[in-house]
Structure formats: structure tokens, C-alpha cells
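Single-structure report; data block below.
Residue numbers (our numbering), protein chains in the order written: chain A, 3 to 339; chain B, 97 to 293; chain C, 2 to 221; chain D, 211 to 565.
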């Protein structure tokens, strides 16, 4: 009747790690629906393949480590769902699967599995795929073109507006199409309105902190407004960059991956700012079209240091505060004596 | 003014774009393995910056000479190593003469700093890209400083990995190698292609 | 006589460890730069092993001779001598490499001669000064075998993954990862190779202790 | 959801059936005979401050807030010149109402006891402190504005309200918190020369048929209390103390209920409470009232590196349990910290002998 390993607080919050991850999955579903709306069943098949690859390699690694794989721990499903959204809908399946295996095995399990990811697995997986097959990952089919589900894609693939921006030219797509996402771009992240709803859903559910996205988007928007990359007016360049670039999607899903994000709120603000600075630098000097994943890998390096320094800063502040308080109370007792 | 901008961009490329440690894996051994301790490694970084700058300065000076010896391909690496040994000889002689106790303490550090892929790489790079003597000095300085940058980054990495329960086989050197590998993957976004070795 | 034989066997056994348990590249992590960058095709791997062998063995032998010099000669002069010998050994290594594969030197670039300055002999040379020349020769051979095993393993894996070829000849691999030839993948492949080696050494260690415990039980 | 700017957590208090019910008595000994002889008169007005403290010493009254003897506390307050004496009836932990209920159902004794304590300390201002966020759906009892003339001040904010009480009374001057139950015992000691042989306990939990507050003689066992209140089913485990900071009672048949155990809870054990691996989400850091980082503290404790914990200020942890409450991976951070503290205490004397 009696159990002894129940520990101190006996009433617990209702949501568990499973519901925490399910929030992110639910936030990703509208993006998959939109990808299906633009590119048909091939988008869903890519998601399926990548999730399957992620889960299988996750289970294999857990067995190798001697741990028992646990069904309700769906962190690899989340990585599996994030990765294909960043690629074009016509990427062959082996690209997605191999990027997924690289992400889960070499980035997640080498550094310790679920919670201790030093680097963001999805970003590293995309970086690996972009390094290996830049042509397949960055050549996009036109939306509403029916892609064959299996076998090579017969659609004509061409570069999207982000390539024009990268080359310095101004994309000639009218604003309505840009806002609705009907242009050649990565599979899931062309429609900025859906992404905004996902951001608010995650913020409301508490799945991500508000500090990192706030500082990240603040700096990115000001940078796009004040220093446009292409010779056009500030707001227009912001609209172009936001809709075509990957940093909006990254700022919501990749930046706030629980493992790599620093824990203190002040450190998160600095982390978001650092990510924004690196993204801008990589955009200006990078050699590739979408360099957000690479910039994020570099910011993950400084995640832990930001936390540790903000901890050190807080200790000094606390000492100063306590010193003033004791001085204040001594003054009061002196008054009373 | 032109040279100043040129030097600054050169330094920046050597530091970030073609980081000696992350894009060329020049000096991994002393970064990861050698038992100098944290402060020792920083001192080693300073010495290494000194050697790479002087070595590439000399290589820059000898550049027109070496360039003409096109037909004798074999001799060029030998010349580099001979220069390095001579430098090492006179530095050791000076130190031995002046500060004997400090020298006996840091003897292995100095040998490592001189006979080092980074120093050799700095010289080969200057001759390969035909820099003038000033540019070669700056690129040598860049390579040394990129070692210090890599040192700082790896220190953070080590502390961050100390709290992750890394599987037993990957503890220590393998996980640090994968860590440096992923950082060079992130810098690959800037470089974008295989560096001309 | 038997006691002297035991020490020889013990020394032999200690040197053999250099190949697997104390592998210079994967476990102690010396001479990593060429192993990480240079070894993306088997030809390069062979080239690296060749240069490593041609450089380390004579240097260690020379180090054992230098040990006989009078004590007054400072240590840095000896290392300078070893370095000069290493530089001179580069030339025959280069000629030999030209025989094996014509464009080997160009594909390796500066890493071909960077191997000459590797930290293996820098660390081992002072140790070899106290040793007899035969033992330091044997140690040089073990080091070279250890280095070449690791580099060949890494380069075959990387060539198979990156170009799908073995020594230039195409194989039936359907999938090619061009990025494995780049530097970042070199780090990761060498890192995983080190982890796999440590895992195998641990497993062999467990098996050996099991066997020894079994033998003790039978003998008791 | 962890608050944007405020720390701590909003808790569902589940106090209601016990808080509303009348305080009942349940003694196992001859309660009337527990008197102490003294020649002090039996009414408070005639007594001086020191005599009240003397009576508290004779009656051996223990303050249930922190286990300090009441007379020592009053003595120290007298020397320090306390300006505000606060009757602590802050029951901010779920299920527990063992301070609020006696205050509501024994108002004269509580108010008079507080005045006596104030008189002992040199009659400063007096208040009662009650937790504000009793956000139960079925909250029927209405907390009055004041009790027999003593004003009740509500402590706002989220769960760990104890640490904020000092700040709310700092404006009036140096404040001292005294538990309501010890004030009631002080009143009985002064007016009826009665020893403190009883304590106030809430018997509640989801296995108890009718949860209530009891005045229980010290030394009774939880099984006796459960027989008095009735158990709907076999409890998964029995908790002594609050639901957030209490301890599991291994042997409810022989564990004596003391003054410090404020509640006896019989809780059902849900099997699906599965422990995941920590995913590093950082919610415990957002919620910790002492602005510590339980994530790193827990990570270093699990790895066994206890010397790093000084950097993360683990000694400042007040053990309120919010980090374990809010953790989605159900990691017992508060318990790990408690064991780590015991471990560090265990190691410290060794160091002392060494040097």
C-alpha cells in the first residue's frame, strides 16, 4: 500500500514532456498543411520519411547506449518534422533521410540525447544537407505544380526570390503573392502569416520563452529596415527578406530549441541578439542562399557562456543589493537606538 | 588608406572566413590534447602567434626568391622547415642565454610552438597566395589569433560538455573533435567551398 | 637468460600497445591535422602514411644516437638536428610519392609536408634518447603502423562516402555525400573513429578479463 | 503558465471542504488535567510583559511556523525592539488550512493571544496575515476584514507567499511573524494555566472521505486520524506536513504527529506519473522565487559535482518545491537539492577537522 519514492511536491503541474513536445508538433502541423496545399502529397511524404528516419535512428542510438527507448519521448519526431520544411519540395528523399540521420546521431546523441543538445540538431542537419547537395536543396518547384510522389520530379526547378536577393537583385513578385506565400521557396515557410500564428500559439502555450524571439526579431527587423541588402526602400526590403528568408521560421522553431537555449531570461535576450547579429553577418558575407542554419550553429556555441556570465553578473548584483539592504537596516536600527 | 582596408579585410578573413583551426584544421593537436592547462594554452597561443607572424614575414620576404625557383619543386618544403629550425635555434639560444629558468620550464611549449603545422601552414599560404611582406605578416598574425579564438571557443565547449552525460565511448577527445567539426560546419556557411590547401 | 627474455617480451608487448590501445592519432591525439584534412581519398591516405613513416622512423633512430652525445649539448640542439633530418627526409618521400600516384602532392598540398613536422616525433624523440637504437626503431615502426591504420581507415570511409570510389575505381554505392570530403566531416569521422576504437578496446578489455578470470577458476 | 514578470506559481488550493468545516477536537488523553502550577493571576490584563514570557516558558509553547520555542522568540523580539507583530495564518500550500481554520473558529483566543504577545514585546502594531489567492472554485468561507479588532492583511502574489510577508510589513517597521496556533496556546496558558499538549492539524487528501481540521493531542498517529475522518480507499502514500514541502511518512501506524506537522494527507498514487529525462526547457529557472537556476543545480547534482554548486548559490534555496511542481519532465529538483544539501553538510565537518 505504501510507496516511499514519492518525492517532495506531491501536487504536480499537469503537462508533461510529452505535452510540451506535442505543442511544437501542433504548431508545425499548419505549416505541413500549407506545404500540402502548395505541393501536394510529396510534401507529406517527405515529412513522413524524415520523421521515420529520425525515430529509427533515435531508437537505434538509444539501444546502442543501453537505454530503453521510450515511446512517449517524441523529441526526435519534432526534429524529424522541422527539417523537411526548410528544404524545397522537390528534394529527393535520400537527402532528407541522410540529413535526419546525421542530425539525430551525430548532433543529438553524441552530446547526450534529449535534453543536453549542445547544437541544434535540426539546424545541423539542414547545414549538412546544404553542404552536401546545394543544388537539390535550393532549387524550388513552382507552387501548385503537382509533383510525383515517388521517383525523380519532372517539374522544372529554378531558383526562388531568395536567390535574387542573394545576388543583389530585387525579386519582381508583387506583395500580395509574397504575403500569401505563393512563390518559389522552401517547402513550409513561405507564408509569413501562418508562421506568426504559430509563434503566438507557442508563446501562449509557454513552449518557448518570449525573450529570445523578441530580441532576435527586433534586431533583425531594424537591420532590414535601416541597411537593406538590395537597392530598394527599407520597408520593401523588410517584406522581401521576411517572406523569402528562413530566419523567420528559424527564429520561431530553431532558435528556441529547449536544449540549446540559455536558461536565464537576460541570457536569452543576449542570445537572441547574438543570433540576429550572426544571421546578418552570414547573410552579407555567406556563400549560400539560406545561411540561417549556419549562423544558428555558431550562436549555439555561446549559449552556455551567456548563461554562465549572466549568472556571474547576477551574483554581483545580488551582493550589491544585499549590501545596501543591510546598510539600510543598520541605519534603521541606529535610528531606533 | 587602401592598404589599411586591405590589411583589415585580410585579418578578418584569416580570423573568421578561413579560420586556421576550423577551416584548415591546422593546429588541432595542441588545441585539444597537449597538457598545458588553461593558462598554459593561452601562453602557448601567444608564442604561436609570434612564430606564425615571424615565419610568414620571412616567407613573404623570400617570396620573390622562392617564386623563381619554380623548377625545383621539392626544395620548397625543405626551405620552410630549415627556416623554422633556424628561428627556433636562435630563439632558444637567446632564451637560454637570457632567462634560463623560464626557458627550462617552458621548453616543450616552445618546441611545440615552432615545429607546428600552423607555422608551416602560414609560410606555405603566404608563398601560395604571393603576398607582399606586409600582407604575409598580417596573415600570419591572423592565423595565430584564430588559434586563440578557437581556444576560447573550445574552452566554452568543454565546460558545456562537462554537464552533458555524453555516452562513455565519446567522452574526452572524440566529443571535442565532433564539437570542433560542427563549428567548422557552421563556418562552412561563410567559406562555401573546399579551401585551396 | 629467462629473466632477460621476459623483459624483451614485456618491452615488445608495451610497444605493440602503441598500435591499438595507445594509438598515436586516435587515443593520444597527436598529428591530427593531416589525419583530419588530408585523408579524404585512399591515395592521400597512403601518401600521408608514407611520409609519416619516412620521417618518424629515421628521426627516432637519430634521436637514440643523439642520446649518446655528451650531456653538455643542450636539448634544443638535438631537436633542431631531428627537425633538419625530417626536412631532408621529405625529398625521398616526395620522389616515392610521385611513383605511387602522379598528382598525389598537388591533391595533398601543404599537408604533405606538414606531416613532417607532426607532434608524434616531437613528443617521442626526447623519450627515445634513453633507448637503444633497436628499440626506438621498433617504436617508430609501431607508431607508423598505428598512424597508417587510423589514416587508412578514415580515408577509405571518407572516400567511399564522398566519391563512392575505392582507390579511384567506382563501386556500386548508390548514395554519395560530397560534403564528407570537406574539413568539417573530417573532424566528425576522426572523432567517431576514435570513439569506435575506444569502444572496441573496452570490449576486448572486458573479454580479456573474463578469459583471465576463467583461467584462474580452472587452475584453482 | 509561468508568469511574464512575477515569479512563483498559481496553485489550485483544494482547501475548501476542510476550511469551511468547524474545528473539532480529538484527544486521546485526559485533556483537562494538563495544567501547570504558578502563582500568576489568571487574566492577561494584570500581567506584565516578562510574566507573559515566563508563562510561555512554563507552558512550553512551540511556534509551529519554525519550531522555535515561543518564549525565546518573544525574548529576542523584546531585545531587538520589534515594531510589528504579525499573526501568521498564511496557508499557501494546497490542502493545508491548519492555521486559517483555528483563527476563523477561535477568533477571541487568537486575537487575545496576539495582544498578549504584543504586550510581551512592548505593544507594537499587530496584524493577522492571510494568503490572498485562495482561488478555489468552491470557496465558500469569506475571510473577514478583521478579527476582534485585529486587522487582517492579505498577502498577494503566487505560491511561495512566506518570503514576501516581510516585504509587505516592512513599511510599518521591523516585523516578526508568530504562528496563530501558538498564539491560541499562549491565550490558554495565560487564562487557564494550561500546558501546550495539543496541536492543530488538517487531515485531507483525495483518499479522505470528509477532510477537516482537528485539534489533536500531540503524539497521535496518522492511522488514528484517518479512522476519525474516514478513508474512501487505500492511500497510495501518506504525507506529513504541507503538500508542497511535506515528507512521506513511511510508517503511519507509529509516526507521532507533533506541533510542526501542520497537515496529514492521504494521497492516491497515479501510476502514470512517469519520469522523463530533463529536456532543458528552463521553466524551473523562470519560476524560482529566489531567482536561482535549478536546471544547472540539478544537472550538477545528478553528475555528482557538488563543488560547483556554490557558484549557483544553492544555499539560498528555500525548498518551496515550485521547480519540481512546474517541471514537465517530473524531475524531483527540490528533493535532489535537499539531499545535496545534506551531503554537503555531511562533508563539511571533515574539512573542519582537517585544517
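All residues carry an ideal CB built from backbone N, CA and C; glycine is no exception. Since the structure is predicted, the reported quantities are computational estimates derived from the model, not experimental observations.
Which whole-angstrom value is the C-beta distance of residue i and residue j, which I expect to be below 8 Å?
{"i": "residue 218 of chain B", "j": "residue 151 of chain B", "result": "6 Å"}
{"i": "residue 245 of chain A", "j": "residue 181 of chain A", "result": "7 Å"}
{"i": "residue 37 of chain C", "j": "residue 191 of chain C", "result": "5 Å"}
{"i": "residue 305 of chain B", "j": "residue 238 of chain B", "result": "Residue 305 of chain B is absent from the model: chain B starts at 97 and stops at 293."}
{"i": "residue 338 of chain D", "j": "residue 357 of chain D", "result": "6 Å"}
{"i": "residue 1 of chain A", "j": "residue 189 of chain A", "result": "No answer is possible for residue 1 of chain A: the residues shown for chain A start at 3 and end at 339."}
{"i": "residue 200 of chain A", "j": "residue 32 of chain A", "result": "7 Å"}
{"i": "residue 505 of chain D", "j": "residue 265 of chain A", "result": "5 Å"}
{"i": "residue 180 of chain C", "j": "residue 186 of chain C", "result": "6 Å"}
Determine the contact status of residue i and residue j, defining contact as a CB-CB distance below 7 Å.
{"i": "residue 124 of chain A", "j": "residue 539 of chain D", "result": "no"}
{"i": "residue 226 of chain D", "j": "residue 349 of chain D", "result": "yes"}
{"i": "residue 468 of chain D", "j": "residue 393 of chain D", "result": "no"}
{"i": "residue 308 of chain D", "j": "residue 455 of chain D", "result": "no"}
{"i": "residue 149 of chain C", "j": "residue 50 of chain C", "result": "yes"}
{"i": "residue 235 of chain B", "j": "residue 300 of chain A", "result": "no"}
{"i": "residue 142 of chain A", "j": "residue 90 of chain A", "result": "yes"}
{"i": "residue 41 of chain C", "j": "residue 221 of chain C", "result": "no"}
{"i": "residue 132 of chain C", "j": "residue 65 of chain C", "result": "yes"}
{"i": "residue 390 of chain D", "j": "residue 313 of chain D", "result": "yes"}
{"i": "residue 247 of chain B", "j": "residue 137 of chain B", "result": "yes"}
{"i": "residue 273 of chain A", "j": "residue 209 of chain A", "result": "no"}
{"i": "residue 294 of chain A", "j": "residue 248 of chain A", "result": "yes"}
{"i": "residue 134 of chain A", "j": "residue 107 of chain A", "result": "no"}
{"i": "residue 243 of chain B", "j": "residue 117 of chain B", "result": "yes"}
Closer than 8 Å by C-beta to residue i: which residues in its own chain qualify, once you throw out the five before and the five after it? Chain order, please.
{"i": "residue 516 of chain D", "result": "510, 550, 553, 554, 557"}
{"i": "residue 247 of chain D", "result": "403"}
Which same chain residues, not among the five before or five after residue i, have their C-beta less than 7 Å away from its C-beta?
{"i": "residue 58 of chain C", "result": "138, 141, 142, 145"}
{"i": "residue 315 of chain D", "result": "232, 233"}
{"i": "residue 8 of chain C", "result": "none"}
Can you pull the chain B neighbours of residue i, defined as C-beta to C-beta under 8 Å?
{"i": "residue 300 of chain A", "result": "279, 282, 283"}
Run through chain D and tell me which residues come within less than 8 Å of residue i, C-beta to C-beta.
{"i": "residue 259 of chain B", "result": "506, 509, 510, 513"}
Below 6 Å CB to CB, which residues in the same chain sit around residue i once its five sequence neighbours on both sides are set aside?
{"i": "residue 330 of chain D", "result": "259, 262, 263, 284"}
{"i": "residue 110 of chain A", "result": "119, 123"}
{"i": "residue 274 of chain B", "result": "none"}
{"i": "residue 217 of chain D", "result": "499"}
{"i": "residue 4 of chain C", "result": "none"}
{"i": "residue 3 of chain A", "result": "Its pLDDT being 40, under 50, residue 3 of chain A is placed unreliably in this model, and the coordinates cannot settle the point."}
{"i": "residue 211 of chain C", "result": "none"}
{"i": "residue 208 of chain B", "result": "126"}
Quick one: which chain C residues come within Cβ less than 7 Å of residue i?
{"i": "residue 130 of chain A", "result": "180"}
{"i": "residue 133 of chain A", "result": "180, 183"}
Can you name the residues of chain A whose CB is closer than 9 Å to the CB of residue i?
{"i": "residue 275 of chain B", "result": "112, 113, 120, 121, 303"}
Would you mind telling me which residues of chain A sit closer than 8 Å to residue i, beta carbon to beta carbon, in chain order?
{"i": "residue 273 of chain D", "result": "Ordered by position in chain A, no residue passes the 8 Å Cβ test against residue 273 of chain D, which lies about 23 Å from the chain."}
Against residue i, what residues of chain A qualify as contacts under a CB-to-CB distance less than 7 Å, listed in chain order?
{"i": "residue 238 of chain B", "result": "Simply none; closest approach about 16 Å."}
Sufficient close CB pairs (3 or more, under 8 Å) joining the region 194 to 204 of chain C to the region 333 to 353 of chain D:
no
For the 8 Å Cβ check, are there 3 or more pairs between the region 440 to 458 of chain D and the region 467 to 477 of chain D?
yes
Does the region 522 to 538 of chain D touch the region 486 to 497 of chain D, meaning 3 or more C-beta pairs lie closer than 8 Å?
yes
For the region 278 to 293 of chain A against the region 222 to 235 of chain A, do three or more pairs of beta-carbon atoms, one drawn from each stretch, fall closer than 8 Å, so that the two count as touching?
yes
At least 3 beta-carbon pairs within less than 8 Å: the region 146 to 153 of chain A vs the region 48 to 67 of chain A
no
Does the region 72 to 88 of chain C touch the region 4 to 15 of chain C, meaning 3 or more C-beta pairs lie closer than 8 Å?
no
How about the region 117 to 133 of chain A and the region 63 to 74 of chain A: do they share at least three Cβ pairs that are nearer than 8 Å?
no
Cβ contact check for the region 154 to 170 of chain A and the region 95 to 109 of chain A: 3 or more pairs under 8 Å:
no
Decide if the region 26 to 46 of chain C is in contact with the region 110 to 125 of chain C; the criterion is three or more beta carbon pairs, one per stretch, under 8 Å apart.
yes
Is the region 209 to 223 of chain A touching the region 248 to 255 of chain A, taking contact as three or more C-beta pairs under 8 Å?
yes
Three or more C-beta pairs below 8 Å linking the region 172 to 187 of chain B and the region 62 to 82 of chain C:
yes
Counting pairs of Cβ atoms below 8 Å between the region 187 to 201 of chain B and the region 250 to 260 of chain B, do you hit three or more?
no
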